[in-house]
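Report on the structure given below.
Protein chains: 2
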Amino acid sequence: MKLYDCLIAPNPRRVRIYLAEKGIEVPAVEVNILTGENLKPEFLAINPRGVVPVLELDNGTRIDEAAAIWRYFEALQPEPALMGRTPEEQAWVESWERRADQDGMLSARDFLRNQFPVFAGRGHPGRATDRQIPDLVERGRTGMQCFHELLENRLAQSTFVAGEGFTVADITAFCAVELGILGEFPGLEGYPAIRRWHGVVSDRPSVEDWIANMSAALAALSS
Amino acid sequence: MKLYDCLIAPNPRRVRIYLAEKGIEVPAVEVNILTGENLKPEFLAINPRGVVPVLELDNGTRIDEAAAIWRYFEALQPEPALMGRTPEEQAWVESWERRADQDGMLSARDFLRNQFPVFAGRGHPGRATDRQIPDLVERGRTGMQCFHELLENRLAQSTFVAGEGFTVADITAFCAVELGILGEFPGLEGYPAIRRWHGVVSDRPSVEDWIANMSAALAALSS
Chain A
2 MKLYDCLIAP NPRRVRIYLA EKGIEVPAVE VNILTGENLK PEFLAINPRG
52 VVPVLELDNG TRIDEAAAIW RYFEALQPEP ALMGRTPEEQ AWVESWERRA
102 DQDGMLSARD FLRNQFPVFA GRGHPGRATD RQIPDLVERG RTGMQCFHEL
152 LENRLAQSTF VAGEGFTVAD ITAFCAVELG ILGEFPGLEG YPAIRRWHGV
202 VSDRPSVEDW IANMSAALAA LSS
Chain B
2 MKLYDCLIAP NPRRVRIYLA EKGIEVPAVE VNILTGENLK PEFLAINPRG
52 VVPVLELDNG TRIDEAAAIW RYFEALQPEP ALMGRTPEEQ AWVESWERRA
102 DQDGMLSARD FLRNQFPVFA GRGHPGRATD RQIPDLVERG RTGMQCFHEL
152 LENRLAQSTF VAGEGFTVAD ITAFCAVELG ILGEFPGLEG YPAIRRWHGV
202 VSDRPSVEDW IANMSAALAA LSS
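One line per chain: the protein sequences are A and B, in this order. So for the first sequence, my numbering puts the first residue at 2; every next one is plus one. So for the second sequence, my numbering puts the first residue at 2; every next one is plus one.
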């Protein structure tokens, strides 16, 4: 088994945090999306969609999309449960995870991909054909604002996103909030509940100091 | 229990097809997104994200996002299995379902929402603040093209999207392909495997004639 990974990319990060929380180790193959390694023929032969993460099983089956990779390991090794136990819990966690993905991750993606010079000509992940769309920076900003408000209201009533325990909904929401920090989105001053939760999640050993590594990677590319 | 539904919207449709396949009936409350009912205070009190479908349980819990609603019923009533059985099957179905969602549904959304006059000022679902972005029509078209190629290659080797049986991956892929037909995306002439599969899925009793109803709704609004 191996994981096609990218240390500076947010979606592989969702898988790395999950695996660390479960105590599962999977050998990783690094694919650097900043230098466009994911768009070269060698990687497109592995995943024609040109995106990471991809989990390759020993029988050759390849699974992409972070949540599908979680699903595999959650079914294989249910504890600690990160995707809910009862039908209602499972649906509730998935509802919040999809909200964080659609409103948080995708808004941050629009905001960053259409703005940072390193993504010129790659305004959409996995393709080399999309020029950046400046209007999407603003739409991404609006989406991030809406997501922060939704998350603030939720975390004002709940320790973690889906309840009293840490779940995959926290993983996606945390990665989305950190993409905002990286993109110098207006900060978390007006969001005390998000700040409290962000501090709690940041202290978990599964969450490495990604912002510092990512900032260094971007600085190296611009210099 | 009740389902906040919208007969002409593609995401509630994913839930309706699923429930019909499972033989589950849930009372529906119609929320018309074409006339903006989803953006009125009454509905925003139910779902601040302003989107349908939403499943409301008898205890008041509200679950939104089609896939989270599937998850609830799949855990409650596992047969017929529409989300895989073994860990590998579950992950494989989810991988294809997320591909169809990210590459198919979201590309079609960009393509339609930023083009049809009825969505002026509502370029993003659930918000009344986003003017249409003409460049996103072209990006959506590129995304739909990539999705059709991925799907054609897959369906050339497999009866249904995730294997020999019908699953939620077919539901999402079918709804995405039908959004393309609705938006007069260049058709399926070059995609014989998609045409074969589209015919097979169209014959299932769970799939009502949505294109005809949706075309009629759009024609009524423009007249």
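Yeah, the Cβ is synthetic: ideal placement off N, Cα and C, and Gly gets one too.
- For Val52/A, the secondary structure class from DSSP, reduced to helix, strand or coil, is coil.
- Residue contact with chain B for Ala29/A: absent (no Cβ-Cβ distance below 9 Å to any residue of chain B).
- Listed along the chain, the chain A residues whose CB falls inside 9 Å of the CB of Tyr192/B amount to none; the nearest CB is some 16 Å away.
- Rounded to the nearest whole angstrom, the C-alpha separation of Arg142/B and His149/B is 10 Å.
- In the DSSP assignment, Tyr5/B falls outside any alpha helix (DSSP H) and lies within the beta strand (DSSP E) extending over Lys3 to Asp6.
- Taking Ala157/B as the centre and dropping the five residues before and after it, the same chain places the C-beta of Ala194 closer than 6 Å to its C-beta, in chain order.
- For Gly164/A, the beta-bridge partners assigned by DSSP are Phe161/A.
- Shown here, Val30/B sits in a strand according to DSSP, grouped into three states.
- Listed along the chain, the chain B residues whose CB falls inside 9 Å of the CB of Ile64/A are Glu89, Ala92, Trp93, Glu95 and Ser96.
- By the Cβ neighbour-count rule, Thr173/B is buried, with 16 or more other Cβ atoms within 10 Å of its own.
- Bounds of the alpha helix (DSSP H) holding Asp111/A are Leu107 to Arg114.
- Short of 6 Å from the beta carbon of Pro13/A, and not among the five residues preceding or following it, lie these beta carbons of its own chain, in chain order: Asp6, Cys7, Val53 and Pro54.
- Annotated three-state conformation of Arg63/B is strand, per DSSP.
- Taking 8 Å as the upper bound for CB-CB distance, Arg99/B and Glu66/A are in contact here, some 4 Å apart.
- Around Gly124/A, the same chain offers Arg114, Asn115, Asp131, Arg132, Gln133 and Ile134 as residues with beta carbons nearer than 7 Å, after the five sequence neighbours per side are excluded.
- Considering only beta carbons, the part of the segment 151 to 163 of chain B lying closer than 9 Å to chain A consists of Leu151 and Asn154, in chain order.
- In the DSSP assignment, Asp131/A is bridged to Arg123/A.
- Rounded to the nearest whole angstrom, the C-alpha separation of Gly144/B and Arg196/B is 19 Å.
- Ile134/A has a beta carbon lying within less than 9 Å of a beta carbon in chain B.
- Closer than 8 Å at the C-beta level to chain B, one finds these residues of the segment 135 to 149 of chain A: Asp136, Leu137, Arg140, Thr143, Gly144 and Cys147.
- Counting the other CB atoms within 10 Å of its CB gives Lys23/B a total of 16 or more, which places it among the buried residues.
- Taking C-beta atoms as the reference points, Leu35/A and Glu26/A fail to come closer than 9 Å.
- Under the Cβ criterion of 9 Å, Tyr73/B is counted among the residues facing chain A.
- Rounded to whole angstroms, the gap between the alpha carbons of Val178/B and Gly105/B is 7 Å.
- Secondary structure note for Asn39/A: it is in no alpha helix (DSSP H), with a DSSP letter that is neither H nor E.
- The alpha-carbon separation between Glu89/A and Tyr73/B amounts to approximately 6 Å.
- Judged by DSSP in its simplified three-state form, Glu209/A adopts coil rather than helix or strand.
- In this structure, the straight-line span from the alpha carbon of Ala76/A to that of Leu152/A is close to 28 Å.
- Contact annotation for His125/B against chain A: Arg140, Thr143 and Gly144 [CB-CB distance below 8 Å, chain order].
- If you draw a straight line from the Cα of Val162/B to the Cα of Asp171/B, it comes to about 6 Å.
- The Cβ atoms of Ala92/B and Leu56/A lie closer than 9 Å to each other.
- For Arg99/A, the enclosing alpha helix (DSSP H) starts and ends at Pro88 to Arg100.
- Interface residue (Cβ-Cβ distance to chain A less than 9 Å): Pro49/B is classified as such.
- Using a CB distance cut-off of 9 Å, Leu45/A does not count as an interface residue toward chain B.
- In this structure, the beta-carbon distance from Val138/A to Phe167/A does not fall below 9 Å.
- In the DSSP assignment, the residues bridged to Glu57/A are Lys3/A and Arg63/A.
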